[in-house]
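First to last, the sequence lines map onto chains Y and U. -1 is the number of the first residue of the first sequence in my numbering; add one for each residue after it. 1368 is the number of the first residue of the second sequence in my numbering; add one for each residue after it. The beta-carbon is built from N, C-alpha and C at its ideal position, and this holds for glycine as well. To keep things clear, I will list the structure first and then write my remarks on it.
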Amino acid sequence: MRPFQERYAAALADENVRTGLLAFQRGWRDTRDAQIAELEQRTGADFDALRGDLAARKDHVRAHWDHYLDAFTAAAEAAGATVTRVTTAEEANAYVTGLARARGSELVVKGKSMVSEEIGLNDHLEAAGVTPVETDLGEWILQLAHEHPSHLVMPAIHKRAEQVAALFERVLGREFPADDIPRMVQVARTELRERFLAAGVGLSGANALVAEGGSVMLVCNEGNNRMSVGLPPLHVVTAGADKLVATYADAMAQVRLLARSATGQPITVYTNFVTGPRPGGEMHIVLVDNGRSAMAADPDIAPALRCIRCGACANVCPPYQIVGGHAFGHVYTGAIGLVNTAWHHGLDAAADPQALCVSCGACAAVCPTDIPLPAQILEVRNRIMTQRPQRTDSRVRAVALRAFATPWLFAAGTRAVATVTEPLREDGVLAVPARLRRHPEVGRRVGWRSPPAPARRPARDRLRPRRQPAVPRLAETAVTGRRVLLFLQCITDRFAPTVAESTARLLRAAGAHVIVRRTQHCCGLPAFDSGQWETATTMVRHTLAAMEGADDVVTPAPSCVAMLAHEAPRLLRDDPDTAAGLQQLSGRIHDIVDYLTGPARLPAGSLDTGDRTPVTIHRFCQSTNTLGRTGEMEALVRDLAGAPVTALPEATVCCGFGGSTSITNPEVAEGILDRKLANVDRTGATTLLTDNPGCMLHLKGGAHASDRALTVQHIADYLADRLPAS
Amino acid sequence: MADDLIARLRSEVERASAALLEEDHWDGVADHLAQWARRGSVVVAPVVAERAPQLLEQVRDRGLAVVVPEGTDSEVMAAVADADIGVVAGELAVAESGSVLVAEHALGDRVVSMLSRRLVVVVPREAVAAALEDAAAWLAAHAGGTAWFASLMTGPSRTADIERSLTIGVQGPDEVDVVLCAAASNAARPLGAKGAQR
Ligand code: SF4
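See the structure below:
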């Protein structure tokens, strides 16, 4: 495979990738959601229950792996198959190639098999003088083009019809109009038909290995898979033992979610159960370990072995939409590729695309086997940082985070930048002069998004006890009289201090006694996200110490809530005392939206100034995917301020701020931001509200750089602006 | 057979771009085949030939040749190479998904569903099941010690691999008719491998 930087550059250079994938992701989302909703209605179980059930079935097998492996082997062999277990990719390749040669076969037809891609089987077959022919239409196209799949289910999703037509013309020497897709499909039928009939070996993967009867389950839509395995006299399966299920009923539970998650179909056209060879034939099942045992032995990673290769985690992934699977992943693409690559192809192969992930959590929300993908991606990043400290990326991150984690250095640094850049400051962002933006390296970083401007006076100074503005109490609420610690969040403190002031005013309006401690700094999220868990752990401890004694903690940043409630426990595994302290506090840590929706609820209409300007709302991706938020901000705007809310298309998709992507791979963050702002344009609204300060600065910078007449506000600012004057 | 189960099956079969027909007798099935066959012949899977010799007679009575793929591998493949219409036996129809479960162990049975342009699956009317679990139970009942090849088939072969554009009829059939036939029965004969290996 080509080096990552080359793959990344090629993906960016190919406009087809992002336009094709955008259309695909939108279409997939609609059909998949409709299918899942229908299944929920039909079964009376919600998606979490359905996927929990499938996950439990797969976990059960993993907990008794040897037992089910033996049962599968015994049943398959009783039906006449030969089952062989191999440890490495090399052994697998040698075994399969040896079989083909021993049977004198020069032609192999292949159904889609990710394991064969994983082990690089085609190259080995070719080197041994055996010709493998891919028979899945997408895979066949890629084989003719000498490319690799860019998606687990739709291998050639990155190719446009014109490109396929041109390829067919070149390879087959006939003309193909680009708009005549049926004709291209038919030519594949004719070209491949002879190969099916002539091949001595049929190769397949496995969607499931059913221990109960020794069957290999294979699904496909085209019919190629069943022809590959059903016609030639020798059928060879390469699969990982992670595909084991105990019973046929378990296989059906998988079937029910697989196609719905993969292509938004209720079921694939063919679901084949192959048990033993056909009369007069042979069947060999090669179970390839290649890192799977190590994954199984690692409790933080083992759930990744539930994966049924549906590709859903790529279909919702915003950075995947920009660069496709050739850059986002290795052989395995999408979120799962950022995890399992480390075990199948090594930590270095897994390290390169990590920075593309914006940590939005969308993958985990749709994964039909409930794999905690975002947490696992962060596990992998942590191992890269600790086991590959010499990588340039690791070293840069280490230095940057060290500076950031040192409160006085961060304070002095932002203050210095604030002073120097004061003349360029416009509504919280830096208006980078046009002549500077024309420089390619500068333009690449700030041309599409004006960077956030540090404030000269951070929130902590503005909120000193005696300087707090008086705010009339609007109502007696459940928080009246409570000591509420305002956790500023590092970004808000230094880059968006008005948001902290607004939050404080809203809390006072609800009757809370607001405390701002100067010992606070950062919850540890940036360090955690970069894989620097030691630094992150220190920051979590520091943050918890700064929160001591408060009745409640409220922050304008749901990202900090997600960090403290969902990620910090992982960091405190070896520190039960601090973990217990966090546990005690965690139900009392809120973001302002959550607090105003719950205990600090203000009376309906109490912020109604008569302003009926429609607003649209972007919810921070993790508010949706990690914290499970739905319509809280909309309700606040409508109920408190009385303003209409126009629904934002693709509201749950990330804005591109997350992770370190906007720094390391600005093109990706730019593409995601473009998608978001284009959706905002479609609403016609001129005010965009969001719940997370990071998103606010990112969106504001994008609106500024593109000269959009759009007011971007944190919802706390929007609501506090409507508080009655004291 | 509860009518609502069949109604459910029909809507799922149609959603999968296939058609569902109901016939009480074999002659009704033969009429359809005579109407659909364009080249004067119908390919019939050996399993069907064995289970329903009446159907073959009725097809011949309508002036059509009946081809049953048998013999060596190459003879079998040659028999079906140009087939425009093939008939196979369904063990079960699944209302939940509109699928038919077809067991086709011998090469002669497999080639019919794989290589025909139009595929007709005859399912006994009594073999309509509600859910995929019923198909699982069928598979479990036939697992154990013998080889077999069984597939849930749901509509015609399709692809969306070129620019996500849905195209019907790739490697497999481009038309599928599921015929529920009251006269058909699977009960009298063994299934899958056991049947085919006799
Ligand atoms: S990780 Fe989950 S969503 Fe991604 S391919 Fe695997 S099963 Fe599908």
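Chain Y contact for residue i (CB, 8 angstroms cutoff)
i	result
ASP1449/U	no
GLU1458/U	no
ASP1528/U	yes
ALA1514/U	yes
ARG1375/U	no
ARG1405/U	no
LEU1558/U	With a pLDDT of only 45 at LEU1558/U, under the threshold of 50, the placement of this residue in the model should not be trusted; the figure read from the coordinates follows. Chain Y, which has no Cβ nearer than 8 angstroms to the Cβ of LEU1558/U, makes this no.
ARG1477/U	yes
SER1378/U	no
ASP1371/U	no
GLY1511/U	yes
SER1483/U	no
LEU1486/U	no
Short Cβ contact (8 angstroms threshold) for residue i with residue j
i	j	result
LEU505/Y	LEU523/Y	no
ARG258/Y	ILE34/Y	yes
LEU371/Y	PHE326/Y	no
GLY289/Y	TRP341/Y	yes
GLN711/Y	LEU687/Y	yes
VAL272/Y	PHE1516/U	yes
VAL162/Y	ILE1452/U	no
VAL427/Y	PRO452/Y	no
ILE1445/U	GLN1425/U	For clarity, residue 1445/U is Ala in the given sequence; the question names Ile instead. Result no, Cβ atoms of ALA1445/U and GLN1425/U do not sit closer than 8 angstroms.
ARG610/Y	ARG617/Y	no
LEU721/Y	ALA507/Y	yes
ALA73/Y	ALA1510/U	yes
SER1524/U	GLY1539/U	yes
Below-8 angstroms beta-carbon distance, residue i vs any chain U residue
i	result
LEU195/Y	yes
ILE179/Y	yes
THR245/Y	yes
PHE22/Y	yes
MET182/Y	yes
MET225/Y	yes
Residue i Cβ short of 7 angstroms to the ligand SF4 heavy atom set
i	result
LEU195/Y	no
SER213/Y	no
THR670/Y	Looking at the sequence shown, residue 670/Y is not Thr but Ile. No; taking the cut-off as 7 angstroms, the Cβ of ILE670/Y has no heavy atom of the ligand SF4 nearer than that.
VAL1461/U	no
VAL1479/U	no
ARG307/Y	yes
GLY322/Y	no
ILE334/Y	yes
ALA47/Y	no
LEU371/Y	yes
LEU428/Y	no
VAL378/Y	no
LEU303/Y	no
THR367/Y	yes
ALA164/Y	no
SER557/Y	no
SER392/Y	no
VAL364/Y	yes
LEU19/Y	no
ALA251/Y	no
Distance between beta carbons of residue j and residue i, contact taken as under 8 angstroms
i	j	result
VAL1454/U	VAL1411/U	5 angstroms
ALA1502/U	LEU1547/U	Contact flag wrong, Cβ pair sits at about 16 angstroms.
ALA98/Y	VAL106/Y	6 angstroms
VAL666/Y	VAL314/Y	Rounded, the Cβ-Cβ distance is 15 angstroms, inconsistent with contact.
LEU1372/U	ALA1462/U	5 angstroms
ILE306/Y	LEU256/Y	5 angstroms
Inset, instruction - Scan the region 196 to 210 of chain Y for residues whose Cβ lies nearer than 7 angstroms to a Cβ of chain U and list them as they occur along the chain. - result: Answer in chain order: GLU210.
Legend entry - chain Y contacts from the region 1523 to 1547 of chain U (Cβ-Cβ distance under 8 angstroms): Those residues of the region 1523 to 1547 of chain U that come within reach of chain Y (Cβ to Cβ, closer than 8 angstroms) are PRO1523, SER1524, ARG1525, THR1526, ALA1527, ASP1528, ILE1529, GLU1530, ARG1531, SER1532, THR1534, GLY1536, VAL1537, GLN1538, GLY1539 and PRO1540.
Legend entry - chain U contacts made by the region 150 to 176 of chain Y, where a contact means CB separation under 7 angstroms: Going along the region 150 to 176 of chain Y in chain order, one finds MET152, ALA154, ARG158, ALA159 and VAL162 with a Cβ nearer than 7 angstroms to chain U.
Inset, instruction - Note down, in chain order, all residues in the region 242 to 270 of chain Y with a beta-carbon under 8 angstroms from any beta-carbon belonging to chain U. - result: Residues THR245, TYR246, ALA247, ALA249, MET250, VAL253, ARG254, THR261, PRO264, ILE265, THR266, VAL267, TYR268, THR269 and ASN270.
Inset, instruction - Quick one: which residues of the region 1497 to 1508 of chain U get their C-beta closer than 9 angstroms to a C-beta of chain Y? List them in chain order. - result: Residues of the region 1497 to 1508 of chain U with a C-beta atom less than 9 angstroms from some C-beta of chain Y are ALA1498, LEU1499, GLU1500, ALA1502, ALA1503, ALA1504, TRP1505, LEU1506 and ALA1507, listed in chain order.
Inset, instruction - Return the residues of the region 56 to 89 of chain Y that lie within a Cβ-Cβ distance of less than 9 angstroms from chain U, sorted by chain order. - result: Taking 9 angstroms as the upper bound on Cβ-Cβ separation, chain U lies near residues ALA73, ALA76, ALA77, GLY78 and ALA79 of the region 56 to 89 of chain Y.
Legend entry - Within 7 angstroms of chain U by C-beta, residues of the region 543 to 560 of chain Y in sequence order: The region 543 to 560 of chain Y vs chain U, Cβ under 7 angstroms: nothing.
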